[in-house]
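Enquirer: One structure is given below, represented as structure tokens, and several questions about it will come after.
Protein chains in written order, with the numbering used here: chain A, 63 to 691; chain B, 22 to 498.
Shown next as structure tokens:
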């Protein structure tokens, strides 16, 4: 399967070509090229998946990991070396399919959405760069290669968030995203270094003999790696960049900040899962608590936001929380005994990528139609945009966990895993699932039903999006409808053995009831034009409402810590020292060099006879020096 | 003796002689139309020559002509590097040679250049001081003609005169030193002489004298004074040849002789190099800061680069030898790129070589400006360009042998060098100019050479196989 290297090389080529040719390429040509390449990559990914799973299980009953391509890149002496290669195993193949599908859809969609924007070519070249980086991240053969692509993903995300670089908010958001994730990546890097130092390897699956001595440091290393994962996956308290990242073009939000990049942290934990479960189960459970808290926090905040992309952003944070929880509640590698969460998490990652991309792309259509992100500009849009309406509804039902849509199946597995771990965790997550249903339908009703903003719509009648935008919606909606029926456990499970998904009807019934209750509540509060109940609640609990709306002041706390404490008390004195003492020393050096340079000017006189004297004199002086010592 | 050994081991030199003869004949026979294709003919010939000799055919060392000539794989690698450098010079020289006043000297240029290359090849493969000296002179004398090739231009004639006078002086001192060695040891063979080396005061003086001959070629302080004048006056293509190929050959030959012959005097020549390195890097940097002419500026930059190369020599290890060859290769592509740009600008703007003329170059010729910037970055040793890695290896080689202070001084000097390299970048990108160099399109072969150099600047450092490949041969010197 050597051809898999093309999956990385083609997007790289497309990035270089579109990037270097720039505006010399016609926008349509750039878009068509990028889209074709991504289409080919998607086809290759499907073919890879087909071949990989089609090859069948080996004698141990698992799909054997394959490394079709590998190169020793940087040897460090000893056993420690960094390889670059391609690793195929069930989760990486699954990710290949997810990423290339969503990326392909976004490429097609952007044709309509970005039409006429300046920098269209730049946009497509960055999309290709991102696709390449993300694909490279998932097929990494070792933790260091993963880190390299991890950072590349960070860079391309930065570039795409700040795509509208003349807009102040976009620039601020891109910087914020980059700095926050970079800060978290520091943890990741330190974790990698500790790991490499003590185990003498960057491999995902080091020999047990090597680990023997490094056992005590593994929890620390894995914990630090999780910090990096938490940064990318926007876990509390490192989530602050994701809502702001919505300043980027909406298709970018769909690709990066909903379906692919943000799940990198989940993927990281899944990748290191064998080590977590064997050597650091306590750390794994900590991640579960972090994930659960994040899920709850984000769900509460999502209930009161007024910008539709922000609602979706917080919903993403909350759903990633679900995936992390599912991984964190695992207690063994056997899916039948406490290892169910692994499969559930990956399943949810898969289904969530599809329906969340759908939601974002739908939101993009809506924003395209009304030229605003605010719910107040919407309402009653179902008449104007039937395709968007139906597909959005499908996605909302899926995320709420309604049978028979894909979200139901994956969420059900997560809840079952949580109940296995502890009833408290199970109930908390069920409650959050209910909240999810509530805020998603609040969003849905506010956009498509409720009170129409007639003034605005009279001025500029909303219209259905063009074909290039609706086709991806329909495709993703179809996937969302069908994905739940995939026997996911047959392909991915915590120990690689086949696992037959069986629905735990007690859990399923509970979660369906809770979801239905959430939807009913939202229907009652937001369906009609008159929103007396909602407004009444908002005024009655105005303090709580405002706090939630301001995201519980987390950003302000960060602002206070960085500006008042770090900048004022630490950075300012260091800056003074740098400007006066360090620079002063450097200036002194420069001054000395300048003076010396003038002083020895006479040496280069231009008279060849004087050169001869220097020549001979120099030789004699050197001889004398050598003789004296 | 078995003459087949000549063809088995001396294949590079034999092939080179064939190329020279071909060039001579072509120059004689070719008609008007044939001369138009002279350039292409020579480039293809060189390409064939390189293709045939780039990898050493034998993995063991061998002596022929009773030990006068020593074949070693690592010398073969160095010869390939030199040949590639020569090809790059040929590629860059076309637009200059196309000028009316130099057109008829085209053949001379090729033959003279290749003769110096032949001299260098003999020099680095010699096992006997006589052979060594002949090689050195074969490399020097045609070089003086090359420098003075624009003989009706005052600058060029003056540069040639200065070069040949300094070269004579250096050769004289060197011969004097060699004669002392002959007197004290009774032999001129490298292998036999090592046994008679005992570090007596006379031999110390003789070694310093010998060193001056090569110090002149490599242009180390205080034997460097001719450099700036000659570089400025010589035709740019010759300058770039002089600054790269000639230097690399001499540095390698120096290292071989120091290790092979003067092994028993290691501490002496290490001290000698220690002083010379510090002097070269520092003095050259101090001079480079104030230059206003691009060619003079690069002359001083090349002196300081020579100082860095000596860091590899001072280590005296196989690793040092690998890093020397690698450094030479990397330095070659970066310097050739810089000179290629200078040459292109000079040919297309009526001889503009002042630093002020480069103000605003980015506006009118962005591609050249970017290539120049990358070349300077590589020369300054900024990652991720090849220059960073080559400096890194050189510093490692010296550091491993305990020259900590020396490496530290060299490191400080890289900071100073960064200042003047960036001055040019600033001129090209930031400074304003009312009369910038007009936009032009340089000829195809210059563009090809610049492209090759650019590829080298980016790829050489990142592709670890190249360093490892050289390392494979770095033994048995």
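The beta carbon of each residue, even a glycine, is placed where N, CA and C say it ideally should be.
Note that the structure is predicted; figures quoted are calculated from it, not measured.
1. Which residue wins for smallest C-alpha separation from residue 202 of chain B, given the options B/224, B/162, B/122, B/322?
2. Between residue 159 of chain B and residue 140 of chain B, which are expected to be in contact by the criterion C-beta below 8 Å, what is the C-beta distance as a whole number of angstroms?
3. To the nearest angstrom, report how far apart residue 439 of chain B and residue 410 of chain B are at their CA atoms.
4. For residue 617 of chain A, name the three-state secondary structure that DSSP assigns.
5. Terminal residues of the continuous beta strand (DSSP E) containing residue 133 of chain A?
6. Please confirm if residue 262 of chain B has its CB atom under 8 Å from at least one CB of chain A.
7. Look at the alpha carbon of residue 311 of chain B and the alpha carbon of residue 180 of chain A, and state the distance between them as a whole number of angstroms.
8. In the structure shown, what three-state DSSP assignment does residue 492 of chain B receive?
9. Could you tell me whether the stretch 172-192 of chain B touches the stretch 61-68 of chain B, where touching means 3 or more Cβ pairs closer than 8 Å?
10. So if I threshold CB-CB distances at 9 Å, which residues from the stretch 206-238 of chain A count as touching chain B?
11. Give the DSSP-derived three-state secondary structure of residue 497 of chain A in the structure shown.
12. Per DSSP, what kind of secondary structure is residue 113 of chain B in: helix, strand or coil?
13. Rounded to whole angstroms, what's the CA-CA distance from residue 122 of chain B to residue 57 of chain B? Just pull it up for me.
14. Report buried or exposed for residue 207 of chain A, applying the criterion of at least 16 other Cβ atoms within 10 angstroms of its Cβ.
15. Do residue 284 of chain A and residue 201 of chain A have their C-beta atoms closer together than 8 Å?
16. What does a CB cutoff of less than 6 Å around residue 276 of chain A pick up in its chain, not counting 5 residues either side in sequence?
17. What separation, rounded to the nearest whole angstrom, lies between the Cα atoms of residue 149 of chain A and residue 231 of chain A?
18. In or out: residue 326 of chain B buried (at least 16 other Cβ within 10 Å) or exposed?
19. Hey, does residue 133 of chain A have any beta-carbon neighbour from chain B nearer than 8 Å?
20. Can you say whether residue 386 of chain B is buried or exposed, counting buried as having 16 or more other CB atoms within 10 angstroms of its CB?
21. Applying the 10 Å Cβ sphere with the 16-neighbour rule, what's the burial state of residue 133 of chain A?
22. Below 9 Å between beta carbons is the criterion; list the residues of the stretch 335-353 of chain B that meet it against any residue of chain A, in chain order.
23. In chain B, which residues lie with their C-beta within 7 Å of the C-beta of residue 685 of chain A?
24. Ignoring anything shorter than 3 residues or poking outside the stretch 146-217 of chain B, list the beta strand (DSSP E) runs there in chain order.
25. Select from the stretch 539-572 of chain A all residues with a C-beta closer than 9 Å to any C-beta belonging to chain B, and list them in chain order.
26. Do the CB positions of residue 530 of chain A and residue 174 of chain A come within less than 8 Å of each other?
27. Where does residue 115 of chain B land, buried or exposed, given buried means 16+ other C-beta within 10 angstroms?
28. Helix, strand or coil, according to DSSP, for residue 426 of chain A in the structure here?
29. Looking at the ligand GTP, does it come within less than 7 Å of residue 322 of chain A, judged from the CB to the closest heavy atom?
30. Where do the ends of the alpha helix (DSSP H) carrying residue 189 of chain A lie?
31. Show which residues of chain A have a CB atom less than 8 Å away from the CB atom of residue 170 of chain B.
32. What residues from the stretch 246-275 of chain A come within 8 Å of chain B, judged by C-beta to C-beta, listed N to C?
33. At 4 residues or longer, and completely inside the stretch 68-152 of chain B: list those alpha helix (DSSP H) runs for me, N to C.
34. How about residue 308 of chain B: is its C-beta nearer than 8 Å to some C-beta of chain A?
35. To the nearest angstrom, how far is it from the Cα of residue 428 of chain A to the Cα of residue 450 of chain A?
36. I need the DSSP call for residue 145 of chain A, collapsed to helix, strand or coil.
Expert: In short, the structure shows the following:
1. B/224
2. 3 Å
3. Roughly 16 Å separates the two Cα atoms.
4. helix
5. 128-137
6. no
7. 45 Å
8. helix
9. Contact between the stretch 172-192 of chain B and the stretch 61-68 of chain B is absent, with fewer than three C-beta pairs closer than 8 Å.
10. none
11. helix
12. helix
13. 15 Å
14. buried
15. no
16. Taking residue 276 of chain A as the centre and dropping the five residues before and after it, the same chain places the C-beta of 260, 261 closer than 6 Å to its C-beta, in chain order.
17. 39 Å
18. buried
19. no
20. buried
21. exposed
22. none
23. 225, 226, 229
24. none
25. Listed in sequence order: no entries.
26. yes
27. buried
28. helix
29. Annotation note on the ligand GTP: not contained in the displayed structure, which lists no ligands.
30. 182-200
31. Going along chain A, no residue has its Cβ under 8 Å from residue 170 of chain B, so there is no contact; the nearest lies around 19 Å.
32. none
33. 94-118, 121-124, 127-145
34. Chain A, which has a Cβ nearer than 8 Å to the Cβ of residue 308 of chain B, makes this yes.
35. 8 Å
36. In this structure, residue 145 of chain A counts as strand in the three-state DSSP scheme.
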